[in-house]
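Q: One structure follows; several queries about it will come next.
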Amino acid sequence: MEFRRITNLPPYVFTIIDGLKVEARRAGVDVVDLGFGNPDLPSPAIAVEKLSEAAHNSRNHRYSSSRGIPKLREAVADLYLRRFGVTLDPDKEIISTIGAKEGFSHLMWVLLQPGDAALVPSPSYPIHIWGPHLAGADVREIPIGTDIDFFENLMEAYEYSWPKPRVIVLSFPHNPTTACVDVDFFQRVVDFAREKNVVVVHDNAYAELGFDGYEPPSILQAEGAKECAVELYSMTKSFSMAGWRVAFMVGNPEIVAALTKLKSYLDYGTFQPIQIAATVTLNEDPDHPREVLPIYQARRDALCEGLNRIGWEMTPPQATMFAWAPIPEPYRELGSIEFASMLVREAQVAVSPGVGFGPGGDGHVRFALIENEQRIQQAVRGMRKALTKLG
Numbered sequence: 043m044e045f046r047r048i049t050n051l052p053p054y055v056f057t058i059i060d061g062l063k064v065e066a067r068r069a070g071v072d073v074v075d076l077g078f079g080n081p082d083l084p085s086p087a088i089a090v091e092k093l094s095e096a097a098h099n100s101r102n103h104r105y106s107s108s109r110g111i112p113k114l115r116e117a118v119a120d121l122y123l124r125r126f127g128v129t130l131d132p133d134k135e136i137i138s139t140i141g142a143k144e145g146f147s148h149l150m151w152v153l154l155q156p157g158d159a160a161l162v163p164s165p166s167y168p169i170h171i172w173g174p175h176l177a178g179a180d181v182r183e184i185p186i187g188t189d190i191d192f193f194e195n196l197m198e199a200y201e202y203s204w205p206k207p208r209v210i211v212l213s214f215p216h217n218p219t220t221a222c223v224d225v226d227f228f229q230r231v232v233d234f235a236r237e238k239n240v241v242v243v244h245d246n247a248y249a250e251l252g253f254d255g256y257e258p259p260s261i262l263q264a265e266g267a268k269e270c271a272v273e274l275y276s277m278t279k280s281f282s283m284a285g286w287r288v289a290f291m292v293g294n295p296e297i298v299a300a301l302t303k304l305k306s307y308l309d310y311g312t313f314q315p316i317q318i319a320a321t322v323t324l325n326e327d328p329d330h331p332r333e334v335l336p337i338y339q340a341r342r343d344a345l346c347e348g349l350n351r352i353g354w355e356m357t358p359p360q361a362t363m364f365a366w367a368p369i370p371e372p373y374r375e376l377g378s379i380e381f382a383s384m385l386v387r388e389a390q391v392a393v394s395p396g397v398g399f400g401p402g403g404d405g406h407v408r409f410a411l412i413e414n415e416q417r418i419q420q421a422v423r424g425m426r427k428a429l430t431k432l433g
């Protein structure tokens, strides 16, 4: 039997490492899991309390609205004004999505079809590459990294592409490379997109996780951005609400209306008590991301200082909840899958192979900052013993 839309999807390589981790734990081995980017911090207490309260009201058990309840959209507008100085119309420029992955995937259905093309950074979070593919479009992968002029690569790829791409996919701070940009970068992208009549989709998943004083910008801060751009903002990392599946797409009103139309056929929105809890959290605990930030920064420091101490040289990331580490030269020939497998077997540490984020990531592995500092230090000790070639 042929399953046409998934026939060309490659195996999800992260499952290889996950399988080794599960096997080791069943054998009684204590594996420190720095692989899957699944936040371990508890959700805000007010979110849990309001969820429970709203769930006990049977009126909230009925179908909700696929675009999100009005008060939730108003709370998002307040967030954008407070955080980015961007004014949004809750009725026309905001839609709630069932997590950013759902919103992004269905947005690709709205914007792309067979014969179209999208420009996507490589390496990238897998759905950014495969979302356009699932819509039937071609993907032009643009090299990205902390030491690469991504904008120049973007313009060159557009000029040499045929058909001309209809969509540019961005995500800064970037997963997995942790590359960061400023508002001037977004202004150049917006100016380019307006000139070429291209839609820009920016996944701002790590909007609140900037370190050492860096505050990640919104693409909507660029002049004219609403003419060509939309942005996804998620409560997953900044509010530690991964399993709640609460995110938003904001920006260009025509694109918001198009996604609203599609979603009206596909779903009735997130469970209404979750929307109510998210609304109250945004309104009454707006500083929660500031409480989360120093925890992730301390974990970053513990990991990066530890790796540099054992001879695995890397620069601390400026943002995100990840560290993107080049495979040490003595082990580079292994490739990222075999190197990550070795770390599970010999160091009792699980990381994500870089190739899982596209071919451009194969010389790296990604660490997720999802364990406390003591566990991270344990991981460093395990790697010091296992990576004997580091000296």
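Numbering of the sequence shown is given in this note's numbering, commencing with residue 43 and proceeding in unit increments. Positions of the beta carbon are idealized from the N, C-alpha and C atoms, including for glycine. These figures come from a predicted structure and were not determined experimentally.
(1) I'd like the ranges of any alpha helix (DSSP H) spanning at least 4 consecutive residues and lying wholly in the region 57-129.
(2) According to DSSP, simplified to helix, strand and coil, what is phenylalanine 409?
(3) Is it buried or exposed, proline 132, if we count other Cβ atoms within 10 angstroms and call 16 or more buried?
(4) Measuring only the C-alpha atoms, how far is arginine 46 from tryptophan 151?
(5) Would the region 365-385 count as touching the region 312-325 if we require 3 or more Cβ pairs under 8 Å?
(6) Grouping DSSP H, G and I as helix and E and B as strand, with all else coil, what is alanine 177?
(7) Got a sec? Which residues, its chain only, sit under 7 Å from isoleucine 316 by beta carbon, not counting five neighbours each side?
(8) Which class does threonine 139 belong to by DSSP, given the choice of helix, strand or coil?
(9) With respect to the beta strand (DSSP E) encompassing glycine 293, which residues constitute its N-terminal and C-terminal limits?
(10) What's the gap between the Cα of aspartate 327 and the Cα of lysine 206?
(11) For the candidate residues Pro368, Val225, Gly141, whose alpha-carbon lies nearest to that of glycine 187?
(12) Below 8 Å between beta carbons: does that hold for isoleucine 137 and leucine 274?
(13) So, helix, strand or coil for proline 395, using DSSP?
(14) Could you name the residues of the same chain whose beta carbon sits closer than 6 Å to that of alanine 428, not counting the 5 residues immediately before and after it, in chain order?
(15) With a cut-off of 8 Å on the beta carbons, I'd call alanine 344 and isoleucine 418 a contact; round off their distance for me.
(16) On the three-state DSSP scale, how would you describe isoleucine 379?
(17) Does the pairing of the region 259-278 with the region 231-245 give three or more beta-carbon distances under 8 Å?
(18) In the DSSP assignment, find the beta strand (DSSP E) that holds aspartate 226 and state where it starts and stops.
(19) Determine whether the beta carbon atoms of serine 147 and leucine 123 lie at a separation below 8 Å.
(20) Apart from the five residues just before and just after glutamine 250, which ones in its own chain have a Cβ nearer than 6 Å to its Cβ?
A: The relevant details are as follows:
(1) The alpha helix (DSSP H) runs lying completely inside the region 57-129 and spanning 4 residues or more are 87-97, 112-126, given in chain order.
(2) Note: phenylalanine 409 maps to strand in three-state DSSP.
(3) Per the 10 Å Cβ criterion, buried.
(4) CA-to-CA, the gap between arginine 46 and tryptophan 151 works out to about 16 Å.
(5) No contact exists between the region 365-385 and the region 312-325.
(6) If DSSP states are grouped into helix, strand and coil, alanine 177 belongs with coil.
(7) Excluding sequence neighbours, isoleucine 316 sits near Leu93, Trp286, Val288.
(8) For threonine 139, the secondary structure class from DSSP, reduced to helix, strand or coil, is strand.
(9) Here the beta strand (DSSP E) through glycine 293 covers 289-293.
(10) So the two alpha carbons sit approximately 44 Å from each other.
(11) The option with the nearest alpha carbon to glycine 187 is Pro368.
(12) Their beta carbons are not under 8 Å apart, which means isoleucine 137 does not touch leucine 274 by this criterion.
(13) Of the three classes helix, strand and coil, the one that applies to proline 395 here is strand, per DSSP.
(14) So the qualifying residues of the chain are Glu388, Ala389.
(15) Confirmed, Cβ separation roughly 5 Å.
(16) Reduced to three states, the DSSP call for isoleucine 379 is helix.
(17) Yes, the region 259-278 touches the region 231-245.
(18) No beta strand (DSSP E) contains aspartate 226, which is instead part of the alpha helix (DSSP H) from 225-238.
(19) No, they are not a contact pair.
(20) The question names glutamine, but residue 250 in the sequence shown is glutamate. Excluding sequence neighbours, glutamate 250 sits near Ser280, Pro331.
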